[in-house]
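If you want the working numbering, it's the 1-based position in the sequence shown plus 841. Don't be surprised by glycine CBs; every beta carbon is placed ideally from N, CA and C.
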Amino acid sequence: MANGPYTTYCAPRAFTRPGDAVETNQPRRTKGGECHAEGCVVRTREGKPFCPAHVARMDYVRQVIERVQSFEEEMKKLQRGGGVRLNGVLAQDILGLVEARGVLYTVHIANEYKLDATVVAKVFRALEKAGFVTLRREGPCLAAFPVKRAS
Ligand SMILES: [Zn+2]
């Protein structure tokens with residue numbers, strides 16, 4: 842790059858002396874009262890680090906992360922031959938899908954969740970044993986159907 846003349850975009854920074862007010866696109870991080878989220882200048886309340894909108898978003902993100910972590914742990918345990926947790930993320934997901942779709946095949950869950958079909962079959966059987974679904978063998982697959990609830 843050629844030396845000087847200064848281009849206009851670098852001029853403000855180049856000619857700034859300590860103490861000069863500088864416009865930057867960095868989030869302002871004053872002591873309190875301002876949201877810490879990137880670029881957010883909304884005032885916070887009661888000494889919280891984030892504004893109400895960002896507090897809600899952080900809670901949501903934390904919940905998603907926790908869910909993913911517990912799901913991954915559950916998958917690891919299952920793949921290692923651990924028992925099925927009926928209130929775990931996978932069993933609950935399967936149950937939700939069976940009820941939403943009317944029928945669910947082990948192969949679909951194995952593909953979607955990148956699990957061994959035998960592991961999925963184990964969860965299906967546990968759900969059947971607990972009375973949540975009925976199973977039918979269809980070729981290499983198990984098909985799960987929702988149990989009709991007496992209403
Ligand atoms: Zn905010």
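| Residue environment, G980, which counts as buried when at least 16 other CB atoms sit within 10 Å | Translated into positions along the sequence shown, residue 980 becomes position 139. Exposed.
Check: Rounded C-beta distance between L931 and V939? I'm assuming under 8 Å.
Finding: As a first step, residue 931 must be located in the sequence shown, where it is residue number 90. As a first step, residue 939 must be located in the sequence shown, where it is residue number 98. So it is not a contact: roughly 12 Å between Cβ atoms.
Q.
Taking the beta strand (DSSP E) that V974 belongs to, which residues open and close that run?
A. Here residue 974 refers to the residue found at position 133 of the sequence shown. 974-979 is the extent of the beta strand (DSSP E) around V974.
Exposed unless 16 or more other CB atoms sit within 10 angstroms - verdict on T959 | For the purposes of this step, residue 959 is identified with residue 118 of the sequence shown, where counting begins at 1. The residue in question, T959, is exposed, as its Cβ has fewer than 16 Cβ neighbours within 10 Å.
- Task: Starting from the Cα of H895, find the closest Cα among R908, I906, E875 and give me that residue.
- Result: Walking along the sequence shown from the start, residue 895 turns up at place 54. When only C-alpha atoms are compared, the closest one is E875.
Checklist entry - For P846, which of helix, strand or coil comes out of DSSP? => result By 1-based counting over the sequence shown, the position of residue 846 is 5. Any reading at P846 needs caution, since the residue's pLDDT is 49, under 50, leaving its predicted position unreliable; the model's value is listed next. The answer is coil: DSSP assigns P846 none of H, G, I, E or B.
Requested in this report: Could you pull out every unbroken alpha helix (DSSP H) segment of at least 4 residues lying fully inside the stretch 859-947, listed in chain order?
Outcome: 893-920, 930-942
Exposure of A941, with buried meaning 16 or more beta-carbon neighbours within 10 Å
Counting from 1 along the sequence shown, the entry for residue 941 is found at position 100. Answer is exposed; the Cβ neighbour count stays below 16.
In the DSSP assignment, the alpha helix (DSSP H) including A958 goes from what residue to what residue? Position 117 of the sequence shown, counting from 1, holds the residue named residue 958. Note, A958: alpha helix (DSSP H), 958-970.
Looking at C-alpha atoms only, which residue of R886, P987, A878 is the closest neighbour of G937? On the sequence shown, residue 937 is found 96 positions in, with the first residue counted as 1. Comparing Cα-Cα distances from G937 to each of R886, P987, A878, the minimum goes to P987.
| message | Using a strict less-than 7 Å threshold between each residue's beta carbon and the heavy atoms of ligand 1, what residues do you get? | response | C876, A878, C881, V883, F891, C892, A894, H895
Cα-Cα separation, Q920 to A897:
Locating residue 920 in the sequence shown gives position 79, counting from the first residue. Locating residue 897 in the sequence shown gives position 56, counting from the first residue. Spanning the two alpha carbons is a distance of roughly 35 Å.
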